[in-house]
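Quick notes on the structure that follows.
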Amino acid sequence: MWASTCLRFQGQIFAFEPDQVNFDRLGQQIILNRLDMVHIERQALWNEPGVKTFTVGKDMENHIPFNGVEVEDGPEKTVSIKVDSLDNYAKTHHIERIDLIKVDVEGGEYFVLEGAKNFLSEQKIVSIQLEFNENLGHGNVLGAETVKNYLLGFGYHLYEFDPGMNTLHPFKLFKGMGQKNLLAIADLSLVQTLLKEKGTDLRFGCAPEKNQLTMKRPS
Numbered sequence: 481m482w483a484s485t486c487l488r489f490q491g492q493i494f495a496f497e498p499d500q501v502n503f504d505r506l507g508q509q510i511i512l513n514r515l516d517m518v519h520i521e522r523q524a525l526w527n528e529p530g531v532k533t534f535t536v537g538k539d540m541e542n543h544i545p546f547n548g549v550e551v552e553d554g555p556e557k558t559v560s561i562k563v564d565s566l567d568n569y570a571k572t573h574h575i576e577r578i579d580l581i582k583v584d585v586e587g588g589e590y591f592v593l594e595g596a597k598n599f600l601s602e603q604k605i606v607s608i609q610l611e612f613n614e615n616l617g618h619g620n621v622l623g624a625e626t627v628k629n630y631l632l633g634f635g636y637h638l639y640e641f642d643p644g645m646n647t648l649h650p651f652k653l654f655k656g657m658g659q660k661n662l663l664a665i666a667d668l669s670l671v672q673t674l675l676k677e678k679g680t681d682l683r684f685g686c687a688p689e690k691n692q693l694t695m696k697r698p699s
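Pasting the structure below:
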């Protein structure tokens, strides 16, 4: 939602939300704010197109279980959802370049990025925002080190963004780091040029606090 305030008439946002409740909420906000540039899909991105099991009733921690832990809790706590790979979705929707992709999928980041091999190999994604959380309680995590090494194979390095100074700093993973939001970038010089533009916030492409959105609280 906040990213939409930066686009004005230049660009599009594609959001993926498999959870029905959150999908409906986001849809209401899009209509309320007349955000024609935001496209919402009731599916998830993964490593290949198909159908996956998705947890329900975990609020912000709903996710695709890939180690069987949650499935043991019973079928009433999961649903089947449609998934697609980023490469396949981009091809069918004629997307040739991505300025920013935010990946926050509760430990399954590696699988989402695995479905973006074509984009990553050609470095057609300018920056990737990732949330790493060592404290997830569901045990459904492929570690940050695995994700880092995978991205490194395509020339992407991890950086921490300082919004106060509007600067990037190389980041080394360490045990006990807890929860971190990091950026994976291949062409650092390009991103540094963008950061020099007045008011630019790398996470959104502008300064969202200068813009206004109407937010409707869930009923």
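For the sequence shown, position 163 (counting from the first letter as 1) is numbered 643 according to my numbering, and the numbering increases by one without interruption. Yeah, the Cβ is synthetic: ideal placement off N, Cα and C, and Gly gets one too. Values in this document were obtained by computation on a predicted structure and should not be read as measured data.
Query                                                                                                                                                             : Result
Is G530 helix, strand or coil when you go by DSSP?                                                                                                                : strand
Measure the Cβ-Cβ separation of F641 and L631 and say whether it is below 8 Å.                                                                                    : no
For G635, I'd like the list of residues in its chain whose CB is within less than 7 Å of its CB, leaving aside the five on either flank, ordered along the chain. : Q603, A666
Look at the alpha carbon of R505 and the alpha carbon of G588, and state the distance between them as a whole number of angstroms.                                : 23 Å
What distance in whole Å lies between the Cβ atoms of K532 and I561, which are believed to be in contact at a cut-off of 8 Å?                                     : 6 Å
Determine, using beta carbons only, whether P529 and V563 come nearer to each other than 8 Å.                                                                     : yes
Have a look at S601, E614, R522 and flag the residue whose alpha-carbon is nearest the alpha-carbon of D499.                                                      : R522
By the DSSP assignment, the beta strand (DSSP E) with N502 in it spans what residues?                                                                             : It is not in any beta strand (DSSP E) - N502 instead sits in the alpha helix (DSSP H) that spans 500 to 512.
What are the boundary residues of the alpha helix (DSSP H) that includes L454?                                                                                    : For residue 454 there is no data in the structure shown, the boundaries of the chain being 481 and 699.
Assuming the contact rule is C-beta atoms closer than 8 Å, Q659 and N598 should be a hit. Round their C-beta distance to whole Å, please.                         : Actually they are not in contact, since the Cβ atoms of Q659 and N598 sit about 30 Å apart, beyond 8 Å.
Given E625, which residues of its chain have a CB within under 7 Å of its CB, disregarding the five upstream and five downstream residues?                        : L653
Measuring only the C-alpha atoms, how far is A524 from L674?                                                                                                      : 30 Å
If I'm right that V434 touches D579 with Cβ under 8 Å, what's the distance once you round it to whole angstroms?                                                  : Missing from the structure shown is residue 434; the chain here goes from 481 to 699 and no further.
Is N542 buried or exposed, if buried means 16 or more other CB atoms sit within 10 Å of its CB?                                                                   : buried
How would you label N629, buried or exposed, when you count the other beta carbons within 10 angstroms and need 16 or more for buried?                            : exposed
Name the two residues that bound the continuous alpha helix (DSSP H) containing D516.                                                                             : Looking at the DSSP string, D516 is not in any alpha helix (DSSP H), and its letter there is neither H nor E.
From the DSSP output, read off the bridge partner residues of E640.                                                                                               : H649
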